[in-house]
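Add 88 to a position in the first sequence, counting from 1, and you land on the number used in this note's numbering. I have placed the structure first, in the form of C-alpha cells, so that the comments after it can refer back to it.
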Amino acid sequence: MPFQPLQQEPEIQRRWLESGAFRAKRAAELPAGSRTFYMLVMLPYPSGRIHMGHVRNYTLGDVTARFRRMRGDEVMHPLGWDSFGLPAENAAIKHGIHPALWTRRNIEEMKGQIQKMGISYDWDREIASFQDDYYRWNQWLFLQMWERGDVFRAMRTVNWCEELGTVLANEQVVDGKDERTGYPVVQKPLEQYFFRTTKYADELLYCLDGLDWPDNVKTMQRNWIGRSEGARLAFDLEGGSQVEVFTTRLDTLFGVTFMALSTEHPVIEKAAETDPALKAFCDQVAAMSREDRLMSDIKLGHRSAVSAIHPFTGEKVPVFAANYVLMDYGTGAVMGVPAHDERDHAFALKYGLPIPKVIEAESEWDLGVLVNSGEFTGMRSEDAVTAMVAKLQGRAEKTVTYKLKDWGLSRQRYWGTPIPTVHCPACGVVPERPENLPVRLPEDVAFTGHGPSPLTTSASFLDTTCPHCGKPARRETDTMDTFVDSSWYWLRYLDPKNPELPFAKAESDAWMPVDLYVGGIEHATMHLIYARYFYKVLRDLGLASGPEPFQKLICQGMVLKDGSKMSKSRGNIVDPDEVISKYGADALRLFMIFAAPIEKEIDWTGFEGIEGASRFLKRITRMVEEHEVCGDALPGRDQLSPEEKALLIKLNQTIARLTDDLEKRYQFNTVVSGLMELSNAITDLPADAPHRGAVMQHVLDAFVRLMSPVAPHLAEQLWSQLGGPGLCMQAAWPAADPAYLEADEVMVVVQVNGKVRGRVNVPASATEADRRAAALACPEAQAHLAGKEVVKIVVPPGGKLVSLVVK
RNA sequence: GCCGGUGUGGCGAAAUGGCAGACGCGACGGACUCAAAAUCCGUUUCCCCCUAAAGGAGUGUCGGUUCGAGUCCGACCACCGGCACCA
C-alpha cells in the first residue's frame, strides 16, 4: 500500500476506537504490581478551533502515552474542557447565542479536530466543567473548605474592572489592565469570598524542592510566594495607640528618623478626619491608577500630626502618609531608615529628614556591624536582631511574611460555578446544605453586556429559603473564578461518573501523582499554584494522598509564525486542520516533535519542515513496500555478513537510545533523528546481502514499533503489511539485544596531548593493555610521538579512546 | 534593581566530561525526463592548497580545573523570560 494518509488515517483511527485500546483501567482492574503512568495535558478552553500550540502539547503527551503503553505500563491519558469563562458570555452578548450552546458546539468541533490527530485519549473519561455533574463538586468542595475555615468572607480592596463588571485576581492584572481583554482595572473595596492560600504558603514553598519541574517555573513560584524573614515591632504613638511595622532590618532600628504608613492605613485614615490637607493627599494617591503608581518611582509623602516614640531612645519620630507603602504587604507601615534603605533614603532627601548612619558595611544597604546604636553598638547585624527582640520584651518578635495573597474567588459573572451560599436576613451568609447541590445555573437570564451579573435578573434563581432557619432568603449571585475548575479536574478524570464524591480515594491512590504534566509556561504562577494548593487541601480533607499532584512538569514552547505569536488579529494563523488535510496527521506530529527541543519555540516559517517530515514517511513506506514478508529465522551472528551485522548493531543501539530518550531524558526531537538514522542505515543494506529477507523482516518489524508513538497511523499500516499480529500500538516496545550493542571490531580514537591524531581498529575483546599498545603503534600518532617521551596514558571507561601525554 | 534561562554552520539543531556540527531544512552540482515536478546520488564551518594528502583555527569574551571542556568552575558581554516602591 502506498503512503496515502488522507485515506488511511481515518480508517486506522476507527480501528483504535473500536478496539478500546485507549481505555484506562479502574483501580480495581489494575493487575497486582502493575506500573501506572498518568500522562496529563492542561485541559483546553473550548474557544472554537485548536491551534498549533494544542497540536504540539497533545502530540508530546501522546508520544509519551503510547510509548508507556508499549513498554507495558498501565496508562491514564484523558482530556476534558475548561468550559466556564468570559468568552462564552461575550459570545452570548455579541451573537445572542446561549453560553451553553456556544460551548457545546465548540467542544464538538475541537474534539473532532483532536481525534483527527490520532491522540490516544480515553474519551470515556471526558469531562467538561460547565456541566453540573462537574461543577457540583466545586460547590461540594467549597462547602468542605468552608467547614474547615479554608473559605472566608472579607472586605478587601479588589482589582475591579468596570467594563467587565467583575473582580480579577492579582495574577490576572497586568499593567493595570485585564491580562485577557486589556480593559482598565481600578482598586475598589468589596466583600469577597477567599480561599486561605496563605495558610499553605510555607508548604507550597518548600515542596518545590522535591519537584522535577523546570527551574524557571520553580523560581517564578518562589518569587510569587515571596517569603521574607524579619520582625514585627510595635511603636507607641503619642496619645496612646500603637502602630506595628514589619522590617527585615531590625538591626537598623537606631537609624529610624520617620515612619511611613500607607494612605489606607487606619492610623492615617483617622488622622485625615481632622486634617483636610492629609485627606487631600490620600485622595490624590487613591485616584492614581495602579499603573501610574508603579510607573513613577517618585516618593510622595505628607506629614501627619501624629508622632511615634522610638522604643529605645524615646525620641519623637514624625509619621508620614506615603505613596510607596503598600497596605496589602506586611503591616502597611514602615519604619523609615534613610541611611540603609534606598527608598527611605530618597524619601528623606526629598523631605529634609536626617540620615544617621548606624551600620558599618561594604555598601550602605548591606548587613554589617552596628554603630551609634546605644548598647548594641559593635554587634553584628544578625546578632543585633536577636538581642533587640529580647530587649524589646514582647513589643517585637521575629516573623515571616509572604507576598502570596489569599485567593479571591468571587466573580460577578454568569458563566461560572454558582457559589453555594445564601443570604438570610436573620442568619447572615449561610452555606447551602450538601444534599441540595448542585446549585444550578438558571436558564432564564438576559445577556446585556453591561450592568450587574445576569444572575441577579433571575427570580427563579434568587428566591430561596435559608438552609438554617427556613425563612425566605436570597441566593448568592457571585460565581467562582474559573481557576477553581482547573484546580482539581485531573482527579475527576480518575472517577468521572462518581455520584457520591468528587472522586474515590482508591482511584486517586492508584494513579496519583501525575507522572508527566505538559502545558504552557503561562500557567507557571496561577494555575500551577492553585492546583498545588487545592491538592494540599484535598489531602488534609482526607480525599487524596501525597503532598504534590504533578511530579514532573514540562512546559512546551510556543509555535510562532515569522517570529511572532500566531493570532487572529495578526492574521498569521496556520490552521492545523489545513495541514492535516494536506499532509496527514503523522507528518504534522513528526514535524512538531522533530523541529526543536520541546521547551523551545518553533518558528513555522514555511512548509519546508513538514515537507521534510512527509518525505521521510514516504521513504519508509517505500522501504516496507519493497520488502517481501519473510518467515525465515534470523541467522546467528556468526553467519551474518558484515553489513548485516552492522545494521543489526545500529538497530539495537537505536533501541537503547530511543528508550532512554523517551523514558528518562524526555528528549523527543532526538527520537525522530534516531529513527531517521536507522532508516538511512536500512536503506544502505546491500541488495545482495545473503540473508536480506530475514534481516530486513527483523529490522523493519522493530523499526515500525519504534516509530509507532510518533507516527502511529503509518506504523499501524506498515505493521499490517509486515504481517504483525493485532495492533501495532499494542505490540511490545522492542528490547535492545546486548549481543548486538557492540561490533566485533571497535574503533579507538588516539589522542596526543589532547588532540585527536589517529584512529585504530581493535577487536571488541581487546584488553586495556591491547588498546594502549595499538594506540602507541598507530602510524598517525607515531609522527607526533617521535623524539618525545610518553609520560602518561589514559584509557577512560569504555575503552573507545586512548589519551597519550608526551613531553 | 533582583531572580532564572540561553548563546554551536546560511537555518532548526545534535554531542548523557571523550572524534564538534549527527539528523533535518535550504543551497549548489549531477542522474532520470523532450521538459518540469517527484525521486535518487553527491557537495555544503573557516583558513592554507589547482586538487588531494597533511596541517591550522573554531561552540559569545576572558581566565581556571582536567590527560581531555560546547559540556564543570569564576568573571564579563549579549539576548530572552519572570518579578519589581515587598519594607
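The beta-carbon is built from N, C-alpha and C at its ideal position, and this holds for glycine as well.
Give me, in chain order, the residues of the same chain whose beta-carbon lies closer than 7 Å to that of residue i; leave out the 5 immediate sequence neighbours on both sides.
i           : result
residue 518 : 509, 510, 512, 554, 555, 556
residue 548 : 530, 532
residue 154 : 208, 796, 797, 800, 817
residue 210 : 110, 111, 112, 165, 166
residue 204 : 668, 673
Measure the alpha-carbon distance for residue i versus residue j and round it to whole angstroms.
i           : j           : result
residue 394 : residue 438 : 20 Å
residue 321 : residue 330 : 10 Å
residue 583 : residue 591 : 5 Å
residue 432 : residue 492 : 24 Å
residue 355 : residue 411 : 15 Å
residue 116 : residue 634 : 20 Å
residue 525 : residue 227 : 7 Å
residue 625 : residue 551 : 32 Å
residue 761 : residue 303 : 27 Å
residue 496 : residue 565 : 15 Å
residue 425 : residue 436 : 9 Å
residue 447 : residue 285 : 37 Å
residue 641 : residue 299 : 8 Å
residue 895 : residue 879 : 7 Å
residue 561 : residue 225 : 23 Å
residue 769 : residue 696 : 24 Å
residue 174 : residue 501 : 8 Å
residue 361 : residue 253 : 31 Å
Between residue i and residue j, is the Cβ-Cβ spacing less than 8 Å?
i           : j           : result
residue 349 : residue 421 : yes
residue 164 : residue 127 : yes
residue 572 : residue 505 : yes
residue 414 : residue 390 : no
residue 306 : residue 293 : no
residue 345 : residue 442 : yes
residue 861 : residue 744 : no
residue 319 : residue 527 : no
residue 636 : residue 623 : yes
residue 47  : residue 595 : Nothing about residue 47 can be reported from this structure: the residues present for the chain run from 89 to 895 only.
residue 794 : residue 746 : yes
residue 279 : residue 233 : no
With a CB to CB cut of under 8 Å and the five nearest residues on each side skipped, what residues in its chain are close to residue i?
i           : result
residue 646 : 141, 608, 653, 689, 690
residue 397 : 323, 324, 325, 326, 403, 404, 405
residue 170 : 131, 132, 133, 134, 217, 570, 573, 574, 577
residue 833 : 849, 850, 851, 852
On the criterion of 16 or more Cβ atoms from any shown chain inside 10 Å, does residue i qualify as buried, or is it exposed?
i           : result
residue 841 : exposed
residue 213 : buried
residue 123 : exposed
residue 882 : exposed
residue 240 : exposed
residue 702 : buried
residue 904 : In the structure as shown, the chain begins at 89 and stops at 895. Residue 904 is therefore absent and cannot be evaluated.
Within its chain, find whatever has a CB closer than 6 Å to the CB of residue i; leave out the 5 residues flanking it on each side and keep chain order.
i           : result
residue 801 : 97, 100, 206, 674
Considering residue i, what are the terminal residues of the alpha helix (DSSP H) in which it resides?
i           : result
residue 107 : 93-107
residue 617 : 615-628
residue 395 : Run containing residue 395: none in the alpha helix (DSSP H); it sits in the beta strand (DSSP E), 389-397.
residue 638 : Residue 638 -> no alpha helix (DSSP H), and no H or E assigned at all.
residue 304 : 303-313
residue 191 : 187-204
residue 370 : 364-375
residue 599 : 593-599
residue 519 : First-last for residue 519: 516-519, but that is the beta strand (DSSP E), not the alpha helix (DSSP H).
residue 605 : Taken as a continuous stretch (DSSP letters only), residue 605 belongs to no alpha helix (DSSP H), being part of the beta strand (DSSP E) at 604-608.
residue 550 : 547-550
What first and last residue would you give for the beta strand (DSSP E) that runs through residue i?
i           : result
residue 454 : Run containing residue 454: none; DSSP gives neither H nor E here.
residue 256 : 254-256
residue 141 : From DSSP, residue 141 is part of no beta strand (DSSP E) but of the alpha helix (DSSP H) over 140-158.
residue 561 : 560-563
residue 706 : Careful: residue 706 lies outside any beta strand (DSSP E), inside the alpha helix (DSSP H) at 696-713.
residue 349 : 346-350
residue 881 : 878-882
residue 247 : 239-249
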